[in-house]
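In what follows, a single structure is set out as structure tokens and then discussed.
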Amino acid sequence: MTTRTEAVKAYLLDLQDRICAALQTEDGGTPFVEDAWERPAGGGGRTRVMENGNLIEKGGVNFSHVFGSGLPPSASAHRPELAGRGFEALGVSLVIHPHNP
25 MTTRTEAVKA YLLDLQDRIC AALQTEDGGT PFVEDAWERP AGGGGRTRVM
75 ENGNLIEKGG VNFSHVFGSG LPPSASAHRP ELAGRGFEAL GVSLVIHPHN
125 P
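Under the working numbering, the letters of the sequence shown match residues 25 to 125, in that order.
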């Protein structure tokens with residue numbers, strides 16, 4: 025992993041921590057449950073889910089870092105010059121469902 029990738033990963037993991045802490049505080053202390061996972065083909069992440077909170081019915085704040093030695097055909101269908109090239113992707117995603125008023 026390059027120094028730049030390590031810096032981005034550290035930033036995104038911290039971002040996930042800060043988002044979860046803020047949501048937990050706003051919800052009144054309902055905890056997130058964490059599930060760390062690995063991708064056999066390369067990478068992994070951590071999924072954090074809050075359920076049945078005071079404000080949030082169900083919410084997820086997820087971090088992923090995946091990589092591989094070759095793009096799938098669907099990713100290079102319109103860009104043949106990318107066929108067979110490696111890839112790496114990092115990100116944080118959120119899905120928050122508040123209780124229905």
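All residues carry an ideal CB built from backbone N, CA and C; glycine is no exception.
These numbers come from a predicted model, not from an experiment.
Going by DSSP, residue 81 is part of the beta strand (DSSP E) stretching over 80-92. Under DSSP, residue 60 forms a beta bridge with 70.
Beta-bridge pairing by DSSP links residue 113 to 90. Bounds of the alpha helix (DSSP H) holding residue 42 are 27-51. Here residue 122 carries a strand assignment [DSSP, helix/strand/coil].
In the DSSP assignment, residue 75 is bridged to 82. The beta carbons of residue 85 and residue 40 sit closer together than 8 Å. CA-CA distance, residue 81 to residue 107, rounds to 42 Å. Under the three-pair Cβ rule at 8 Å, the region 111-122 counts as touching the region 89-100.
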